[in-house]
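In our numbering, the protein residues as written are 6 to 237.
Report on one structure; see the data block that follows.
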(Lines of atoms letter the chains of each structure in order from A and count residues from 1; the text may use other names and numbers.)
(Lines give C-alpha, C1' and ligand atoms only; values in the text may rest on other atoms or scores of the structure.)
Protein backbone atom coordinates (compact mmCIF):
# COMPACT_ATOMS: atom_id res chain seq x y z
CA UNK A 1 0.00 0.00 0.00
CA UNK A 2 2.98 2.33 0.41
CA UNK A 3 4.59 1.44 -2.92
CA UNK A 4 4.87 3.73 -5.90
CA UNK A 5 3.06 1.43 -8.39
CA UNK A 6 0.44 -0.65 -6.66
CA UNK A 7 -1.18 -3.41 -8.68
CA UNK A 8 -4.07 -5.71 -7.78
CA UNK A 9 -5.46 -8.61 -9.74
CA UNK A 10 -8.38 -11.08 -9.72
CA UNK A 11 -7.40 -12.95 -6.58
CA UNK A 12 -6.17 -9.94 -4.61
CA UNK A 13 -7.65 -9.65 -1.13
CA UNK A 14 -7.05 -6.70 1.14
CA UNK A 15 -8.03 -6.02 4.72
CA UNK A 16 -6.95 -4.51 8.00
CA UNK A 17 -8.24 -7.12 10.49
CA UNK A 18 -6.50 -5.85 13.63
CA UNK A 19 -9.66 -4.95 15.57
CA UNK A 20 -10.49 -8.66 15.53
CA UNK A 21 -7.58 -9.34 17.89
CA UNK A 22 -8.02 -6.37 20.22
CA UNK A 23 -5.56 -4.26 18.31
CA UNK A 24 -5.61 -1.43 15.75
CA UNK A 25 -4.26 -0.97 12.19
CA UNK A 26 -0.50 -0.44 12.04
CA UNK A 27 2.36 -0.73 9.52
CA UNK A 28 1.18 2.60 8.12
CA UNK A 29 -2.30 1.18 7.56
CA UNK A 30 -3.96 3.96 9.50
CA UNK A 31 -2.29 6.49 7.20
CA UNK A 32 -3.91 4.91 4.13
CA UNK A 33 -7.25 4.22 5.79
CA UNK A 34 -7.50 7.83 6.96
CA UNK A 35 -7.05 9.07 3.40
CA UNK A 36 -9.53 6.75 1.72
CA UNK A 37 -12.19 8.55 -0.27
CA UNK A 38 -15.43 9.36 1.57
CA UNK A 39 -14.17 7.84 4.84
CA UNK A 40 -14.47 4.33 3.41
CA UNK A 41 -11.28 3.50 5.27
CA UNK A 42 -13.32 3.57 8.45
CA UNK A 43 -15.42 0.73 7.02
CA UNK A 44 -12.36 -1.48 6.61
CA UNK A 45 -10.93 -0.39 9.95
CA UNK A 46 -14.10 -1.01 12.00
CA UNK A 47 -15.33 -4.21 10.33
CA UNK A 48 -11.97 -5.91 9.63
CA UNK A 49 -13.56 -6.99 6.34
CA UNK A 50 -11.47 -8.17 3.39
CA UNK A 51 -12.20 -6.77 -0.06
CA UNK A 52 -11.13 -7.35 -3.64
CA UNK A 53 -9.29 -5.43 -6.33
CA UNK A 54 -11.95 -2.85 -7.17
CA UNK A 55 -12.51 -1.92 -3.53
CA UNK A 56 -8.75 -1.74 -2.94
CA UNK A 57 -8.51 0.89 -5.66
CA UNK A 58 -11.62 2.67 -4.36
CA UNK A 59 -10.10 2.98 -0.89
CA UNK A 60 -6.68 4.09 -2.12
CA UNK A 61 -4.71 0.95 -1.30
CA UNK A 62 -3.94 0.24 -4.96
CA UNK A 63 -3.62 2.06 -8.27
CA UNK A 64 -4.05 -0.46 -11.07
CA UNK A 65 -6.02 -3.59 -11.82
CA UNK A 66 -4.33 -6.08 -14.14
CA UNK A 67 -6.13 -9.36 -14.98
CA UNK A 68 -4.51 -12.47 -13.58
CA UNK A 69 -3.72 -13.89 -17.02
CA UNK A 70 -1.75 -10.73 -17.86
CA UNK A 71 0.47 -10.59 -14.78
CA UNK A 72 3.32 -12.68 -16.20
CA UNK A 73 3.33 -10.65 -19.40
CA UNK A 74 3.44 -7.44 -17.38
CA UNK A 75 6.35 -8.72 -15.30
CA UNK A 76 8.20 -9.66 -18.50
CA UNK A 77 7.64 -6.18 -19.97
CA UNK A 78 8.82 -4.51 -16.77
CA UNK A 79 11.92 -6.68 -16.77
CA UNK A 80 12.55 -5.83 -20.40
CA UNK A 81 11.98 -2.09 -20.21
CA UNK A 82 12.49 -1.12 -16.55
CA UNK A 83 9.77 1.42 -17.30
CA UNK A 84 6.73 1.43 -14.97
CA UNK A 85 4.78 3.35 -17.64
CA UNK A 86 4.12 -0.01 -19.34
CA UNK A 87 1.70 -0.85 -16.52
CA UNK A 88 -0.84 1.32 -18.31
CA UNK A 89 -0.70 -1.03 -21.30
CA UNK A 90 -2.02 -3.88 -19.14
CA UNK A 91 -4.26 -2.04 -16.69
CA UNK A 92 -8.01 -2.40 -17.06
CA UNK A 93 -11.11 -1.06 -15.33
CA UNK A 94 -11.51 -2.93 -12.05
CA UNK A 95 -15.22 -2.23 -11.78
CA UNK A 96 -17.30 -0.03 -9.51
CA UNK A 97 -15.68 -0.87 -6.19
CA UNK A 98 -18.42 -0.93 -3.58
CA UNK A 99 -20.98 -0.58 -6.35
CA UNK A 100 -24.59 0.21 -5.51
CA UNK A 101 -23.85 0.14 -1.79
CA UNK A 102 -21.37 2.98 -1.98
CA UNK A 103 -23.77 5.89 -1.51
CA UNK A 104 -25.22 4.33 1.64
CA UNK A 105 -21.73 3.54 2.89
CA UNK A 106 -20.63 7.13 2.45
CA UNK A 107 -23.62 8.31 4.47
CA UNK A 108 -23.09 5.74 7.23
CA UNK A 109 -19.38 6.40 7.67
CA UNK A 110 -19.86 10.16 7.58
CA UNK A 111 -21.08 9.79 11.17
CA UNK A 112 -18.84 11.62 13.64
CA UNK A 113 -18.18 8.64 15.93
CA UNK A 114 -17.98 4.86 15.77
CA UNK A 115 -21.11 4.62 17.91
CA UNK A 116 -23.03 6.92 15.57
CA UNK A 117 -21.81 4.90 12.61
CA UNK A 118 -23.18 1.74 14.20
CA UNK A 119 -26.53 3.47 14.76
CA UNK A 120 -26.71 4.39 11.06
CA UNK A 121 -25.84 0.84 10.06
CA UNK A 122 -28.55 -0.51 12.38
CA UNK A 123 -31.09 1.84 10.83
CA UNK A 124 -30.23 0.63 7.35
CA UNK A 125 -30.38 -2.99 8.51
CA UNK A 126 -33.83 -2.43 10.05
CA UNK A 127 -35.04 -0.95 6.77
CA UNK A 128 -33.51 -3.47 4.37
CA UNK A 129 -33.09 -6.73 6.27
CA UNK A 130 -30.33 -8.97 7.55
CA UNK A 131 -28.85 -9.68 4.11
CA UNK A 132 -28.16 -6.01 3.49
CA UNK A 133 -24.52 -4.91 3.53
CA UNK A 134 -25.15 -2.66 6.55
CA UNK A 135 -26.52 -5.52 8.65
CA UNK A 136 -23.42 -7.59 7.87
CA UNK A 137 -21.14 -4.65 8.66
CA UNK A 138 -22.88 -4.00 11.99
CA UNK A 139 -22.57 -7.68 12.91
CA UNK A 140 -18.85 -7.65 12.15
CA UNK A 141 -18.28 -4.48 14.16
CA UNK A 142 -20.04 -5.95 17.20
CA UNK A 143 -17.91 -9.08 16.94
CA UNK A 144 -14.69 -7.05 17.04
CA UNK A 145 -12.92 -5.51 20.01
CA UNK A 146 -14.75 -2.40 21.25
CA UNK A 147 -11.46 -0.99 22.50
CA UNK A 148 -9.79 -1.76 19.18
CA UNK A 149 -12.53 0.08 17.35
CA UNK A 150 -12.26 3.15 19.58
CA UNK A 151 -8.49 3.20 19.20
CA UNK A 152 -8.89 2.80 15.44
CA UNK A 153 -11.35 5.68 15.35
CA UNK A 154 -8.95 7.91 17.26
CA UNK A 155 -5.96 6.71 15.26
CA UNK A 156 -7.57 7.42 11.90
CA UNK A 157 -8.75 10.86 12.95
CA UNK A 158 -5.20 11.70 14.08
CA UNK A 159 -3.57 10.09 11.04
CA UNK A 160 -5.53 12.30 8.66
CA UNK A 161 -3.61 15.29 9.98
CA UNK A 162 -0.05 13.95 9.90
CA UNK A 163 2.73 12.84 7.58
CA UNK A 164 3.42 9.16 6.96
CA UNK A 165 6.50 9.28 9.20
CA UNK A 166 4.51 10.88 12.02
CA UNK A 167 1.75 8.31 11.62
CA UNK A 168 4.29 5.49 11.85
CA UNK A 169 5.55 7.00 15.09
CA UNK A 170 1.95 7.25 16.32
CA UNK A 171 1.40 3.59 15.46
CA UNK A 172 4.65 2.64 17.20
CA UNK A 173 3.37 3.99 20.52
CA UNK A 174 -0.08 2.52 19.92
CA UNK A 175 1.50 -0.86 19.28
CA UNK A 176 3.52 -0.90 22.48
CA UNK A 177 0.63 0.33 24.61
CA UNK A 178 -1.95 -2.03 23.10
CA UNK A 179 0.36 -5.01 23.56
CA UNK A 180 0.37 -4.25 27.28
CA UNK A 181 -3.43 -4.28 27.41
CA UNK A 182 -5.37 -7.46 28.34
CA UNK A 183 -7.67 -6.87 25.35
CA UNK A 184 -4.85 -7.72 22.97
CA UNK A 185 -3.86 -10.82 24.92
CA UNK A 186 -7.47 -12.04 24.83
CA UNK A 187 -7.74 -11.42 21.10
CA UNK A 188 -4.58 -13.41 20.43
CA UNK A 189 -5.84 -16.22 22.66
CA UNK A 190 -9.19 -16.46 20.89
CA UNK A 191 -7.96 -16.10 17.31
CA UNK A 192 -4.50 -17.66 17.30
CA UNK A 193 -3.80 -19.80 20.37
CA UNK A 194 -7.06 -21.54 21.32
CA UNK A 195 -8.76 -20.67 18.02
CA UNK A 196 -12.20 -20.74 19.64
CA UNK A 197 -13.07 -17.44 17.91
CA UNK A 198 -14.94 -16.39 21.05
CA UNK A 199 -13.03 -13.54 22.67
CA UNK A 200 -14.22 -12.21 26.00
CA UNK A 201 -13.54 -8.53 25.52
CA UNK A 202 -12.92 -6.24 28.48
CA UNK A 203 -15.68 -3.90 27.26
CA UNK A 204 -19.06 -5.24 26.11
CA UNK A 205 -19.82 -2.37 23.72
CA UNK A 206 -18.12 0.63 22.16
CA UNK A 207 -20.09 2.83 24.57
CA UNK A 208 -18.46 1.06 27.52
CA UNK A 209 -14.96 2.09 26.43
CA UNK A 210 -13.71 5.16 28.32
CA UNK A 211 -14.15 8.22 26.13
CA UNK A 212 -10.51 9.26 26.03
CA UNK A 213 -8.19 6.63 24.57
CA UNK A 214 -5.40 9.16 24.08
CA UNK A 215 -3.15 7.31 26.53
CA UNK A 216 -2.87 4.48 23.99
CA UNK A 217 -0.92 6.88 21.74
CA UNK A 218 1.28 8.33 24.49
CA UNK A 219 5.07 7.81 24.47
CA UNK A 220 6.51 5.43 27.03
CA UNK A 221 9.27 6.73 29.30
CA UNK A 222 12.66 5.24 28.58
CA UNK A 223 11.82 4.11 25.04
CA UNK A 224 12.93 5.98 21.93
CA UNK A 225 10.92 5.49 18.73
CA UNK A 226 12.68 4.70 15.45
CA UNK A 227 13.38 7.57 13.10
CA UNK A 228 10.76 6.80 10.48
CA UNK A 229 11.77 9.78 8.35
CA UNK A 230 14.67 7.65 7.12
CA UNK A 231 12.38 4.94 5.78
CA UNK A 232 9.55 6.80 4.06
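Heads up, the beta-carbon is just placed ideally off N, CA and C, and yes, glycines get one too.
Sequence-distant residues of its chain with Cβ nearer than 6 angstroms to residue i (five each side left out)
| i | result |
| --- | --- |
| residue 178 | 222 and 224 |
| residue 55 | 18 and 20 |
| residue 126 | 113, 139, 142 and 143 |
| residue 75 | 95 |
| residue 59 | 99, 100 and 102 |
According to DSSP, residues forming a beta bridge with residue i
| i | result |
| --- | --- |
| residue 55 | 20 |
| residue 70 | 13 and 97 |
Unbroken alpha helix (DSSP H) run spanning residue i, endpoints
| i | result |
| --- | --- |
| residue 157 | 151 to 164 |
| residue 80 | 76 to 86 |
| residue 30 | Counting along the chain, residue 30 falls outside any alpha helix (DSSP H), and DSSP gives it neither H nor E. |
| residue 145 | 138 to 148 |
| residue 40 | Per DSSP, residue 40 belongs to no alpha helix (DSSP H) and is neither H nor E. |
| residue 135 | No alpha helix (DSSP H) contains residue 135, which DSSP labels as neither H nor E. |
| residue 218 | First-last for residue 218: undefined, no H or E at that position. |
| residue 112 | 107 to 113 |
Beta-carbon contacts of residue i that lie in its chain and below 7 angstroms, excluding the five residues immediately before and after
| i | result |
| --- | --- |
| residue 240 | Lying before the first or after the last residue shown, residue 240 is absent from the chain, which here runs from 6 to 237. |
| residue 154 | 24, 51, 119, 146 and 211 |
| residue 172 | 33, 35, 36 and 164 |
Nonlocal neighbours in the same chain, by C-beta distance under 8 angstroms from residue i, ignoring five residues either side
| i | result |
| --- | --- |
| residue 120 | 211 and 212 |
### Query
Are there three or more Cβ pairs, one per stretch, closer than 8 angstroms when the stretch 186 to 203 is compared with the stretch 26 to 41?
Result yes; three or more Cβ-Cβ pairs closer than 8 angstroms.
### Segment contact, 8 angstroms Cβ cut-off, at least three pairs: the stretch 112 to 132 with the stretch 68 to 88
Too few Cβ pairs lie closer than 8 angstroms, so no.
#### Entry: Contact the stretch 201 to 215 vs the stretch 162 to 172: 3+ CB pairs below 8 angstroms
With the cut-off at 8 angstroms, the stretch 201 to 215 and the stretch 162 to 172 do not touch.
#### Entry: Contiguous alpha helix (DSSP H) assignments of at least 4 residues, all confined to the stretch 170 to 196
Taking only runs of at least 4 residues, the alpha helix (DSSP H) segments lying wholly in the stretch 170 to 196 are 187 to 193.
### Query
Is there contact between the stretch 59 to 69 and the stretch 30 to 47, where contact requires at least three CB pairs shorter than 8 angstroms?
With the rule of 3 Cβ pairs closer than 8 angstroms, the stretch 59 to 69 counts as touching the stretch 30 to 47.
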